Amino acid sequence: MQPRSYSGCSMAHADPDTPPFRYSAALAQDIEMRWQQYWDANHSFDAPNPAGPLADPVAMIDPATGQSRPKLFVLDMFPYPSGTGLHVGHPLGYIGTDVFSRYKRMAGFNVCYTMGFDAFGLPAEQYAVQTGQHPAITTASNVANMRRQLKRLGLSHDPRRSIDTTDPGYYRWTQWIFLQIFNSWYDADAPAREGIREPGAKGRARPISELIAEFEAGSRPTPDGRAWATLTAGEQRSVVDAHRLAYVSEAPVNWCPGLGTVVANEEVTADGRSDRGNFPVFKRNMRQWMMRITTYADRLIDDLDLLDWTDAIKTMQRNWIGRSDGARVRFASAAGDIEVFTNRPDTLFGATFMVLAPEHPLVDSLTTPEHAEAVAAYRAAAAAKKDIDRQDATRTKTGVYTGATATNPVNGAQVPVWIADYVLMGYGTGAIMAVPCGDARDFEFARQFGLPIPAIQQPPQPWFDAHGIEATLDTGTWPEPFVGDAPYVQSSNSSGLTLDGLSSVAEGKRLTNAWLEAHDAGHGNTNFKLRDWLFSRQRYWGEPFPIVYDEHGPIAIPDADLPVLLPETDSFSPRTFDPDDEFSNPESPLDRLDWWTEVELDLGNGAHAYRRDTNVMPQWAGSCWYELRYLDPTNEKAFVDPAVEEYWMGPQDVGVDGRPHPGGVDLYVGGVEHAVLHLLYSRFWHKVLYDLGHVSSLEPYYRLYNQGMILAAAFKDEREIYVEATEVEEHEGAFSFHGEPVTREWGKMGKSLKNAVSPDEMYDAYGADTLRLYEMSTGPMDASRPWETRDVVGMYRFLQRLWRNIVDEQTGELALGAPADEATVRLLHRTIDGVRADLDGLRINTAISKLIELNNHITKGGRCPSDLAEPITLMIAPLCPHLAEELWAKLGHADTLIREPFPVADPQLLIEDTIELPVQVNGKFRSKIAVASDADDATVEAVALADAKVIAALAGAVPKKVIVVPGRTVNIVA
RNA sequence: GCCCGAGUGGCGGAAUGGCAGACGCGGAGGACUCAAAAUCCUUUGUACGAGAGUACGUGUGGGUUCGAGUCCCACCUCGGGCACCA
16 MQPRSYSGCS
26 MAHADPDTPP
36 FRYSAALAQD
46 IEMRWQQYWD
56 ANHSFDAPNP
66 AGPLADPVAM
76 IDPATGQSRP
86 KLFVLDMFPY
96 PSGTGLHVGH
106 PLGYIGTDVF
116 SRYKRMAGFN
126 VCYTMGFDAF
136 GLPAEQYAVQ
146 TGQHPAITTA
156 SNVANMRRQL
166 KRLGLSHDPR
176 RSIDTTDPGY
186 YRWTQWIFLQ
196 IFNSWYDADA
206 PAREGIREPG
216 AKGRARPISE
226 LIAEFEAGSR
236 PTPDGRAWAT
246 LTAGEQRSVV
256 DAHRLAYVSE
266 APVNWCPGLG
276 TVVANEEVTA
286 DGRSDRGNFP
296 VFKRNMRQWM
306 MRITTYADRL
316 IDDLDLLDWT
326 DAIKTMQRNW
336 IGRSDGARVR
346 FASAAGDIEV
356 FTNRPDTLFG
366 ATFMVLAPEH
376 PLVDSLTTPE
386 HAEAVAAYRA
396 AAAAKKDIDR
406 QDATRTKTGV
416 YTGATATNPV
426 NGAQVPVWIA
436 DYVLMGYGTG
446 AIMAVPCGDA
456 RDFEFARQFG
466 LPIPAIQQPP
476 QPWFDAHGIE
486 ATLDTGTWPE
496 PFVGDAPYVQ
506 SSNSSGLTLD
516 GLSSVAEGKR
526 LTNAWLEAHD
536 AGHGNTNFKL
546 RDWLFSRQRY
556 WGEPFPIVYD
566 EHGPIAIPDA
576 DLPVLLPETD
586 SFSPRTFDPD
596 DEFSNPESPL
606 DRLDWWTEVE
616 LDLGNGAHAY
626 RRDTNVMPQW
636 AGSCWYELRY
646 LDPTNEKAFV
656 DPAVEEYWMG
666 PQDVGVDGRP
676 HPGGVDLYVG
686 GVEHAVLHLL
696 YSRFWHKVLY
706 DLGHVSSLEP
716 YYRLYNQGMI
726 LAAAFKDERE
736 IYVEATEVEE
746 HEGAFSFHGE
756 PVTREWGKMG
766 KSLKNAVSPD
776 EMYDAYGADT
786 LRLYEMSTGP
796 MDASRPWETR
806 DVVGMYRFLQ
816 RLWRNIVDEQ
826 TGELALGAPA
836 DEATVRLLHR
846 TIDGVRADLD
856 GLRINTAISK
866 LIELNNHITK
876 GGRCPSDLAE
886 PITLMIAPLC
896 PHLAEELWAK
906 LGHADTLIRE
916 PFPVADPQLL
926 IEDTIELPVQ
936 VNGKFRSKIA
946 VASDADDATV
956 EAVALADAKV
966 IAALAGAVPK
976 KVIVVPGRTV
986 NIVA
């Protein structure tokens, strides 16, 4: 998209009757362009660092106080530079953070606020493939266009801190961090770094060199017990590589032929398709890079308690990680022990059969000859089914008996072993003990196949009442299993496990786990749904792995040789396949570049030939640490100077609910769609960097705020095809497109629904300040709201009135009225007080309505009182910075108002002499009385009872009770 | 099925347990204009009433309270997340 011309497009110029200095779209654009140039030229938004290339000790001092300014790090989730540019739905969050940043700057803070571009990844590459241009070219032009559109909004970013994840100067450090992770292992027994985590906490990433040293010194045994020195070089490498936090492994992965690459679990939708492109995804064993995020599962859950995030997002992360506390239990069988995971070890006495996943490795040896045929048939049928079909919980349960039995360790019972596809190989051990009286799936399965369902808990009477049945332990009458706390029955054995009489599940679990451990039949265990993160992609437009291979496996490129540049090539298109061709194989574009893949290097032992890794990193790599690079974007020596990181992101005094403060970004604003992917990966990387001592903060994002989405009307014709929303006409509640009836729905703004509105249209029609104000005024930041172009004019009119109250529309000169009367001054101070509170609480919509109320009051008096012009200008500045700067200049100031102190309310003026109190009679509002604001209750009561309307409402009744709520109301109960 | 949110005028929304509907759009009426647009002014929850006013009113039903949009219980609807995870 070409930048538009801003001249000659104004409606206002078309009419000679319009006063020459009315706040028209043309004037707004003129003002906006001039101030944007001014800010640029004067580096108005540069935020000083305490150290490193951007250090500026003088600028860190507030001249008003002589003290260091407090710091504030405000961050937006950065955008992908898409080819279609911004629509007005994108900048909702950006405008909000800009208003907040500008307000906080005026409140004396040193604010780090900037913007970057997440430019690697599938969207950019697909756009390049579509246009036939190299992604580096399309990315650069898309970034340029988005920069222009964002700048036009007047966002107060520090331009020196802007980053682009595809810049070699940036991805050099992405590769460096990858190598930090590659060169680390997780020591679950190592004490935590002192400071934030609770005293005595264990578990920390450590440099892999320390692991090797322990093996060499013999202080850590090798897996098979042989002495380290007796292992071959290849064996030593395998042992070490098996510990790394980034590792290559042959494992079931999500192969997406339609995209030509493997994708992470988090990128597969619930119905088994890619979240990008919506192609089928198949589970296949492949050799791929993985990240050992599972070692951090506990900390990723526990540390959520330290974060100022909404419960909704915390819950989504907890659910994704899926921690489940229970036990591993071994059932002996003819084919060896069958291990199961259960989260209800206390129900072992009710385990009357076992179920194995059809793929379970023991199935073959367990199956008896007479059942072999049925088992084989069932396994074949299960293998032919897609995961998505197997995981449909509404299906009737299926399964077959293997003919084998296993021994329940708590009571010695011989229980039959079945296979069924409702048991998944990928979770737990791929085998379960079935407790039909206490688990819905087992209950259904037992009913289906006539297996016994003995009760092991006595459900409480209300449970039976709710089901309309007699209280009984005969489960034949039960409509569903019982789950919950209730006294155990038939749950004791002769070797010391006695649950009968107990009614606490937690206690039952504890006793059972202890018994299992003592009898070598199992142990307490925690299981997670979270899997290790599949980290490689067979695409072109991503960070190359800084890895080469020799005959033993992967070797890191030395830090000094970073970055490993993405090789130039014209054949950047990935090899994609028929989306349904499950048995195709990925082919990385980099694999085709022999000149690049075959390399001779001296890695300290002389020059040798190596082969480069030809995968690239996933989309998420660059966004896993970008907040850190913003802090020190030009540092060539480190990804961030430690002093700079500690200044902006270090732990503060107190965190959530008095808990330790983990550090991190002060305010992070973005959409809820990143609740799992980006936020989980980024937290993981940050914790590794913390463990290794590279950052002082335990978490990357202390406060997370999810802004809502802007929805827009979309219209479908009778063929269910979307039509251009701008060409739809409304007539008496019905919609039509070129005369044909269409139906309306609300959806995310965008190309596919043909309902996008470009900010450029709004700049042309109203100017950026009006657009900013409109987006902020339509509701609270965290709420989604529909876009209504026709509503925008309301904010435009407000700014016109405000301008007209201060500036003469004929001459453009300042034109103020006499000083304000007392009532107006009091209103001003109430407004200051309210606006401050609203902006502090990110309630920008109500701050705007308070400013409109003040301006409406002034408008009634004609001109703006001379003593109100400055405070109003300063208050509107965070919202409409261009207009405010222009007014500020007209008010005689030579300098920008960016760091001018935000007005402070005089507490004396917030107290009224007399107040009007509503009076209720029996809870109904009947009258209003005027009393002195400091009148005591007896006086207020007397005035209320003397009021004519109150007397009328009482109609002679004698008040029984009078409730006076000071400053609020009076209620007379008669 | 489970876990989160949210239901207030024609629309977007406002309301520390204390005058429901701030503010904006839209509507109605008026000013300016040859006329229109733009702009400005007045008005605008519903019903009844000429009017003062009266009654009703925050998804539904109950409860707590002097007083409930707000707190509690049950239900309904919509949005989001997870979903055979043992």
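All letters in the first sequence, in the order written, are residues 16 to 989 by our numbering. Idealized CB from N, CA, C, for every residue including glycine. Here the structure is a predicted model, which means the values were calculated and not measured.
Quick one, are the C-beta atoms of residue i and residue j less than 7 Å apart?
| i | j | result |
| --- | --- | --- |
| ASP775 | HIS897 | no |
| THR911 | ALA899 | no |
| PHE135 | THR80 | no |
| GLU901 | ARG37 | no |
| GLN472 | ALA449 | no |
| LEU831 | CYS895 | no |
| ARG221 | GLU229 | no |
| TRP761 | PRO795 | no |
| PHE88 | ASP133 | no |
| PHE543 | ARG338 | yes |
| GLN935 | GLY108 | no |
| THR383 | VAL390 | no |
| ARG219 | LEU577 | no |
| THR420 | GLN429 | yes |
| LYS524 | PRO360 | yes |
| HIS258 | TRP200 | yes |
| GLN145 | PRO561 | no |
Please state the DSSP three-state secondary structure of residue i.
| i | result |
| --- | --- |
| TRP556 | coil |
| PRO569 | strand |
| THR330 | helix |
| ILE944 | strand |
| GLY907 | coil |
| TYR625 | strand |
| SER116 | helix |
| VAL278 | strand |
| LEU322 | coil |
| SER20 | Residue placement at SER20 is poorly supported in this model, since its pLDDT is 27, which falls under 50; the coordinates still yield a value, given next. If DSSP states are grouped into helix, strand and coil, SER20 belongs with coil. |
In the DSSP output, what is residue i paired with across the bridge?
| i | result |
| --- | --- |
| MET369 | VAL432 and MET448 |
| ASN542 | SER339 |
| GLU354 | ARG345 |
| CYS6 | No statement about residue 6 is possible, as the shown extent of the chain runs from 16 to 989 and does not include it. |
| GLN303 | SER264 |
| ILE725 | ARG800 |
| ALA220 | TYR201 |
| TYR645 | Per DSSP, none; premise fails for TYR645. |
Could you tell me the distance, in whole angstroms, from the CA atom of residue i to the CA atom of residue j?
| i | j | result |
| --- | --- | --- |
| PRO267 | ASP352 | 25 Å |
| ASN426 | LEU439 | 27 Å |
| ILE821 | ARG841 | 20 Å |
| LEU315 | THR629 | 31 Å |
| ASP436 | ALA372 | 6 Å |
| GLU661 | ILE211 | 13 Å |
| ASP457 | PRO451 | 4 Å |
| ARG644 | LEU713 | 17 Å |
| HIS534 | GLY341 | 17 Å |
| THR584 | MET777 | 40 Å |
| ILE930 | VAL985 | 13 Å |
| LYS975 | ARG983 | 20 Å |
Since residue i and residue j are thought to touch, with beta carbons under 8 Å apart, how far apart are those beta carbons, to the nearest angstrom?
| i | j | result |
| --- | --- | --- |
| HIS844 | ALA920 | 4 Å |
| ASN860 | SER792 | 5 Å |
| ALA66 | VAL614 | No, ALA66 and VAL614 are not in contact; Cβ-Cβ is about 37 Å, not under 8 Å. |
| PRO601 | GLY275 | 6 Å |
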